[in-house]
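Residue numbers (this note's numbering): 643 to 1009.
Ideal Cβ positions, reconstructed from N, Cα and C, are used throughout, including at glycine.
A quick note: this is a predicted structure, and the numbers were derived from the prediction, not measured.
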């Protein structure tokens, strides 16, 4: 029997962005509902890409944990820790971030409520045309490519004028309010991190803000159903993020892995902490000092995993390249300039599993 496909649910008039197109895909949640043992061929990864499950993570592996409350007060130890995390890891976790537990709880509940809707109801919020907002999947560029074992909802959230509320489910009481409260508090956290990174890159706290001007925010709700053969599939294929910064809220189920020194390692959840990672734009702006690191998500056999990714990114017409404060005789320019819309169209037009290769197109070859 053909599986239902997450696809067009609206009219041609509101095509949204010019980022590119993503093909409709089967609903993984529905596949698992119909047959918990099913793993269709199109989801089975090539041998070289399949996850390896470690019984015990290396004791020496610890993604840096930063006390956000101290960082925001200018604590020198936490600032040094942020610098180290951005240089060596590209990832860190933050605690004491000030986002109220109630706000987090309600956002998690809103996400859970969406994925508990019937397929018919979820399909009312499907992606349309060129707009990646809505229920579906991104980075699907051919009918032959391997698919990720996940469903998602992608919504533009800030500033309010970029929202398309036809993708915001009205059948879930309080969804809009919960999303607005969460996105506002997440924005404050990301802006404070950017201010600290700005100082570390040789500018004042508003240096990055002056460069990129007004930013946009989007939130991606990720749902990873259990899989009867988790060693054959990937929840999300390896990739780096084509944004400035990503703030991730995980549930208690592990699944996030990052590539560190050519090995895949887990980033285990800390209750109510955020995982933060540097995006491609920051890597380029920092002239390679800070790293946008490849990461992926794996699945498990018994439990669904959910996460909320909040992304901060510039407007399409921004041209970005290494900041002048990051270029000198000892640190020659490593990347060429590019318009953000051109970079997005390039990255969205490629398969996500091509990993970290996207930012490499911007690297200058010397000699």
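Counted within 10 angstroms of its Cβ, other Cβ atoms place residue i as buried (16 or more) or exposed
| i | result |
| --- | --- |
| residue 947 | buried |
| residue 957 | exposed |
| residue 726 | exposed |
| residue 927 | buried |
| residue 720 | buried |
| residue 981 | exposed |
| residue 1003 | exposed |
| residue 773 | buried |
| residue 786 | exposed |
| residue 918 | buried |
| residue 872 | buried |
| residue 913 | exposed |
| residue 970 | exposed |
| residue 911 | buried |
| residue 722 | exposed |
| residue 929 | buried |
| residue 909 | buried |
| residue 820 | buried |
| residue 964 | buried |
| residue 764 | buried |
Residue range of the unbroken beta strand (DSSP E) whose run includes residue i
| i | result |
| --- | --- |
| residue 776 | 776-778 |
| residue 866 | 857-866 |
| residue 989 | It is not in any beta strand (DSSP E) - residue 989 instead sits in the alpha helix (DSSP H) that spans 982-990. |
| residue 676 | Taken as a continuous stretch (DSSP letters only), residue 676 belongs to no beta strand (DSSP E), being part of the alpha helix (DSSP H) at 670-676. |
| residue 951 | 947-956 |
| residue 939 | 937-939 |
| residue 711 | From DSSP, residue 711 is part of no beta strand (DSSP E) but of the alpha helix (DSSP H) over 710-714. |
| residue 800 | 793-800 |
| residue 887 | 887-892 |
| residue 879 | 878-881 |
Endpoints, alpha helix (DSSP H) assigned at residue i
| i | result |
| --- | --- |
| residue 837 | 817-842 |
| residue 689 | No alpha helix (DSSP H) holds residue 689; DSSP gives it neither H nor E. |
| residue 763 | 761-764 |
| residue 851 | 849-854 |
Cβ shell of residue i (< 6 angstroms), same chain only, five flanking positions each side left out
| i | result |
| --- | --- |
| residue 989 | 884, 1000 |
| residue 952 | 828, 861, 889 |
| residue 832 | 887, 889, 954 |
| residue 769 | 776, 778 |
| residue 796 | 774, 775, 862 |
| residue 710 | 736, 738, 739 |
| residue 818 | 810 |
Residue i vs residue j beta-carbon contact at 8 angstroms
| i | j | result |
| --- | --- | --- |
| residue 825 | residue 859 | yes |
| residue 1006 | residue 977 | yes |
| residue 693 | residue 731 | no |
| residue 877 | residue 810 | no |
| residue 865 | residue 959 | no |
| residue 936 | residue 903 | no |
| residue 882 | residue 780 | no |
| residue 680 | residue 834 | no |
| residue 761 | residue 672 | yes |
| residue 975 | residue 879 | no |
| residue 874 | residue 686 | yes |
| residue 983 | residue 924 | no |
Cutoff 7 angstroms; reference residue i; Cβ partners in own chain excluding five residues on either side
| i | result |
| --- | --- |
| residue 814 | 752, 755, 756 |
| residue 845 | 967 |
| residue 891 | 746, 916, 949, 950 |
| residue 675 | none |
| residue 684 | 788, 789 |
| residue 940 | 693, 872, 876, 877, 897, 899 |
Under the three-state DSSP convention, the category residue i falls into
| i | result |
| --- | --- |
| residue 1018 | Given that the chain is displayed from residue 643 to residue 1009, the structure contains no residue 1018 and the question cannot be resolved. |
| residue 919 | strand |
| residue 977 | strand |
| residue 931 | coil |
| residue 790 | coil |
| residue 741 | coil |
| residue 1029 | There is simply no residue 1029 to check, as the chain begins at 643 and stops at 1009 in what is shown. |
| residue 905 | strand |
| residue 754 | helix |
| residue 898 | strand |
| residue 701 | Its pLDDT being 46, under 50, residue 701 is placed unreliably in this model, and the value from its coordinates should be taken loosely. Reduced to three states, the DSSP call for residue 701 is coil. |
| residue 871 | coil |
| residue 1002 | helix |
| residue 784 | coil |
| residue 926 | helix |
| residue 967 | helix |
| residue 633 | As shown, the chain starts at 643 and ends at 1009. That puts residue 633 outside it, with no answer to give. |
| residue 814 | coil |
Cβ shell of residue i (< 8 angstroms), same chain only, five flanking positions each side left out
| i | result |
| --- | --- |
| residue 678 | 868, 870 |
| residue 729 | 931, 932, 933 |
| residue 1030 | No statement about residue 1030 is possible, as the shown extent of the chain runs from 643 to 1009 and does not include it. |
| residue 742 | 827 |
| residue 798 | 775, 804, 805, 806, 858, 859, 860 |
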